[in-house]
Structure formats: structure tokens, C-alpha cells
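A.B. asks: The sequence shown begins at 0 in numbering that gives the first Met the number 0 and counts up one residue at a time.
Using N, Cα and C, we set each Cβ at its ideal position, and we do this for glycine too.
Being a predicted model, the structure only gives us computed values, none of them experimental.
The structure's right below; bear with me while I get my questions together.
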Amino acid sequence: MNRTRILTYIAITAVAVLVGVGVALAFTQPWNREAPAPTTAPTSAATSTGAPDDSVADDISDRQQIALEAARIMTTWTPDEDLNRTAAELRARTLMTKERAAAVIAPERPATGVEWLEAAERGATSVPNVELNYATESSETGVSVTATWTWNAPDGSDIPEEPGTQPRRYYFEFTEENKIHDYSY
């Protein structure tokens, strides 16, 4: 009888601890926090497509603006002209350190996939939407950006999205001079 009672108390205590830990974790996850304020002097800049006629503006740091621009460039593709997606990364080298820019090497093989091939066949260009991603932990010199895109075909037809290609989350690391010295997605 005593043994059964002890095991019951242990089981109840274990369940209570697990519930308490679960509740504590639920309230400390990054997506439950408000976005932090920029740590540098804010400037007015577009946070979505980055196009000159874009009227959406937010106060963001220089690094954040550069990261948004890099992600926009890196997700703007014209498949009938670009051999592969790396062609867009090559266009963003002006935002990188010399060492990082030299490390961007396009493969000699063309891109594949239904979405890419169909976009090439129709003469479509990707139209990116880029946003700062506050749901990730970043270093003091890092900025995270989420990029999505649609395809703009000259004939106005829809190009179906290939599963697993979107969104693309970029992680940019900067030098003190605000040049990208590393990135991944």
C-alpha cells in the first residue's frame, strides 16, 4: 500500500513538473516576443520589395537595409537569362566584402525544377517580397531576412509554386564597415 502511494505521488509530481516546464517554454519562445527596436540610429527605408515606388517604410538600421536589399537581389531571377539561382547571388556581390564576393561561384550546371523551367519557358521574372525576420536569434552583427516571391510572366499566366522552395530565410553577417562577410539560407 505504501509503495503504491509513493509511486502515485512521484507520478503526480512528474506530471506537474512537465506541465510547468511546458508552460514556461511556451512563454519564452522567440515568436512570442515583440520585435526588438533597432540598435542603431534609424533611417527611413522600404521593408518589402525595396522598389523605389514602394510606400511602405519603417525605421531600420543600415545593416537591416543592406540585408533586405541583398535578399531582394538574391531572389530576383529571370530563368530564361539566368543559368541558375546563383546568378542572382553574383549580382549581390557589391554588398559583400571582397573575400566573400570572390567565394560566390556559380555552378556550371543549369537550374532544374518544374517552377524554374516553366518560368524560363514563359519568360517570367521573380518578384520578391523581403521582410526582416525577428523570430530567429541573431548575433550582434547579424540580420535575418525572410524572402518569398511570385512570378511575373509577360502573358499574365500563373506559374505554380514548387513545394519546399519558399520561404527562403537568409542569415547575413556584417563587418564593422557594413559589408556582408558571410551569409546562408
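What separation, rounded to the nearest whole angstrom, lies between the Cα atoms of TYR182 and ILE9?
C.D. replies: The residue you call residue 182 lines up with position 183 of the sequence shown. The residue you call residue 9 lines up with position 10 of the sequence shown. Cα-Cα distance, rounded: 49 Å.
A.B. asks: Any idea what DSSP makes of LEU82, helix, strand or coil?
C.D. replies: Position 83 of the sequence shown, counting from 1, holds the residue named residue 82. LEU82 falls in the coil class under three-state DSSP.
A.B. asks: Report the residue from ARG168, ARG92, ASN128, LYS97 whose alpha carbon sits nearest the alpha carbon of THR135.
C.D. replies: For the purposes of this step, residue 135 is taken as residue 136 along the sequence shown, with counting starting at 1. Answer by Cα proximity: ARG168.
A.B. asks: Using the rule of at least 16 other Cβ atoms within 10 Å of the residue's Cβ for burial, across every protein chain shown, is PRO127 buried or exposed?
C.D. replies: As a first step, residue 127 is located in the sequence shown; it is residue number 128 there, counting from the start. Buried is the call here.
A.B. asks: On the three-state DSSP scale, how would you describe TRP115?
C.D. replies: The residue given as residue 115 occupies position 116 in the sequence shown. Residue state, collapsed to three classes: helix.
A.B. asks: Roughly how many angstroms separate the alpha carbons of VAL113 and GLU161, rounded to a whole number?
C.D. replies: The residue you call residue 113 lines up with position 114 of the sequence shown. The residue you call residue 161 lines up with position 162 of the sequence shown. Their Cα atoms are separated by approximately 7 Å.
A.B. asks: Just confirm the distance between the C-beta atoms of ALA86 and ALA105, as a whole number of angstroms; I'd bet it's less than 8 Å.
C.D. replies: The count along the sequence shown starts at 1 and reaches residue 86 at position 87. The count along the sequence shown starts at 1 and reaches residue 105 at position 106. At roughly 6 Å, the Cβ-Cβ gap stays under 8 Å, so ALA86 and ALA105 are in contact.
A.B. asks: Taking Cβ positions, are PHE171 and ALA69 nearer each other than 8 Å?
C.D. replies: For the purposes of this step, residue 171 is taken as the residue at position 172 of the sequence shown. For the purposes of this step, residue 69 is taken as the residue at position 70 of the sequence shown. Yes; because the gap between Cβ atoms is below 8 Å, this pair is in contact.
A.B. asks: Could you tell me which whole beta strand (DSSP E) segments of length 3 or greater appear in the stretch 134-160?
C.D. replies: For the stretch 134-160, whole beta strand (DSSP E) runs of length 3 or above, ordered along the chain, are 141-151.
A.B. asks: Under DSSP, the beta strand (DSSP E) around ARG167 begins and ends at which residues?
C.D. replies: Start at 1 with the first residue of the sequence shown, and residue 167 comes out as number 168. Taken as a continuous stretch (DSSP letters only), the beta strand (DSSP E) holding ARG167 covers 167-173.
A.B. asks: Using only CA atoms, which one of GLY155, LEU89, ASP61, ALA110 lies nearest to THR164?
C.D. replies: As a working note, residue 164 is residue 165 in the sequence shown. Among GLY155, LEU89, ASP61, ALA110, the Cα nearest to that of THR164 is on ALA110.
A.B. asks: State the start and end residues of the unbroken alpha helix (DSSP H) segment that holds GLU264.
C.D. replies: In the structure as shown, the chain starts at 0 and stops at 184, and residue 264 therefore has no counterpart that could be examined.
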